[in-house]
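Enquirer:
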Amino acid sequence: MYKKCLIVLVMFLLTIPVFAAAGKNSIQIKGSDTMVNLAQAWAERYMEENPGDFVAVTGGGSGTGLSSLISGTCSIAMSSRNIKEKEIALAKQKGVEPYEIKVALDGLAVVVNPANPVGKLTIDQLADIFSGKITNWKEVGGKDEKIVILSREVNSGTHVYFKEHVLRKGKADGKEEFAPSALLLSSSQAIADEVSGNSAAIGYYGMGYISNKQKAISVAKDIKSEYVAPTIENVLSGKYPISRPLFCYSNGEPHDLIKKFVDYTLSKEGQEIVVKTDFVPVKK
27 MYKKCLIVLV MFLLTIPVFA AAGKNSIQIK GSDTMVNLAQ AWAERYMEEN PGDFVAVTGG
87 GSGTGLSSLI SGTCSIAMSS RNIKEKEIAL AKQKGVEPYE IKVALDGLAV VVNPANPVGK
147 LTIDQLADIF SGKITNWKEV GGKDEKIVIL SREVNSGTHV YFKEHVLRKG KADGKEEFAP
207 SALLLSSSQA IADEVSGNSA AIGYYGMGYI SNKQKAISVA KDIKSEYVAP TIENVLSGKY
267 PISRPLFCYS NGEPHDLIKK FVDYTLSKEG QEIVVKTDFV PVKK
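In the working numbering, the protein residues as written are 27 to 310.
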């Protein structure tokens, strides 16, 4: 019995330096669900090239990531929206100085089931659908079928961006809200899965989640404008009307291991990964 305890104790002591090293050379990244696949791709490739470093990536939404940065429980917060003034104020109270780094661009795709005949909508029509003014697909050229609205939950940067730029059309004093009937889902993948199985559903997410199981709607700024599909080329040119930057936030200007990782995301190889995951690079 004594010998077994001694062996366990020795094994435990031997692991202590490993855990200590892992903590010293590790980065915790948390936040935007839109950016999870991109950040995981970055992390995997980065760790292959830097086997002594460890990068952990989890989602939860932009708000969750920024809260974690403010509370000191993550090294980098991913966010698909700009940090809010009240978040900056709270951060400063806790001695945290949020530092913004633009790492990619994204087009927000509006998606329906492939069986839905509707293939193009204006911003006004989208605003009316998601706010509940338009309730039947026949009102926009589709079948006589009640529209099922899918949205990200309120903690999502994607939710905030869509509300501010589609429902409120960029008006700072806008009061428009999602329809009470909207189903709030916890992830972009959940919206993708629901749309693929529901012919009446409409949802939105970062275009990196588009697959052949959903149909992306072409969007026009107004009825007189060109209908534009959410593609890398159209986001880069500014033609697609629902586009946004994607950010990483650190506590102060990045240094040491965090700077090393951020520099990697903005490197030629890091920006090639942006393209491979269907986002738009900020650097060529």
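We put the beta carbon where it would ideally sit given N, CA and C, even for glycine.
Around the C-beta of GLU295, are 16 or more other C-beta atoms found within 10 angstroms, so that it is buried, or is it exposed?
Expert: Result: exposed.
Enquirer: In angstroms, rounded to a whole number, what distance separates the CA positions of GLY278 and SER225?
Expert: So the alpha carbons of these two residues sit roughly 47 angstroms apart.
Enquirer: Taking just the CA atoms, how far does PHE188 sit from SER101?
Expert: Spanning the two alpha carbons is a distance of roughly 27 angstroms.
Enquirer: Where do the N-terminal and C-terminal ends of the beta strand (DSSP E) with SER54 fall, by residue?
Expert: It should be noted that the sequence gives Gln, not Ser, for residue 54. Residues 52-57.
Enquirer: Helix, strand or coil for THR60, going by three-state DSSP, please let me know.
Expert: DSSP places THR60 in coil when its eight states are reduced to three.
Enquirer: So what's THR257 in DSSP terms, helix, strand or just coil?
Expert: Reduced to three states, the DSSP call for THR257 is coil.
Enquirer: Beta-carbon separation of ALA246 and MET233 under 9 angstroms?
Expert: Result no, Cβ atoms of ALA246 and MET233 do not sit closer than 9 angstroms.
Enquirer: Excluding the 5 residues flanking GLY85 on each side, which residues of the same chain have their C-beta closer than 6 angstroms to its C-beta?
Expert: Here the set comprises ASP59, VAL62.
Enquirer: Can you tell me whether ALA198 is buried or exposed? The criterion is at least 16 other CB atoms within 10 Å of its CB, across all chains shown.
Expert: Flag for ALA198 reads exposed.
Enquirer: Quick one: residues in its chain with C-beta nearer than 7 angstroms to the C-beta of HIS6, no 5 flanking neighbours on either side, listed in chain order?
Expert: Absent from the structure is residue 6, since the part of the chain shown begins at 27 and ends at 310.
Enquirer: What are the complete beta strand (DSSP E) segments, minimum 3 residues, inside the region 122-169?
Expert: Correct list: 124-138, 146-148.
Enquirer: When you compare each of GLU123, LYS201, LYS239, GLY200 to ALA218 by their alpha carbons, which one comes out closest?
Expert: Checking every option, the nearest Cα to that of ALA218 belongs to LYS239.
Enquirer: Below 9 angstroms between beta carbons: does that hold for GLY145 and SER222?
Expert: Not a contact, by the Cβ cut-off of 9 angstroms.
Enquirer: Would the region 123-134 count as touching the region 298-307 if we require 3 or more Cβ pairs under 8 angstroms?
Expert: These segments touch.
Enquirer: Alpha carbon to alpha carbon, what distance is there between VAL288 and GLY91?
Expert: Roughly 16 angstroms between the two C-alpha positions.
Enquirer: Does LYS302 come out as helix, strand or coil in the three-state DSSP assignment?
Expert: DSSP places LYS302 in helix when its eight states are reduced to three.
Enquirer: I'd like to check one pair, SER97 with GLU113: are the Cβ atoms closer than 9 angstroms?
Expert: No, Cβ-Cβ distance for GLU113 and SER97 is not below 9 angstroms.
Enquirer: Taking the C-alpha atoms as reference points, what is the distance between TYR266 and PRO77?
Expert: Each residue's alpha carbon lies about 39 angstroms from the other.
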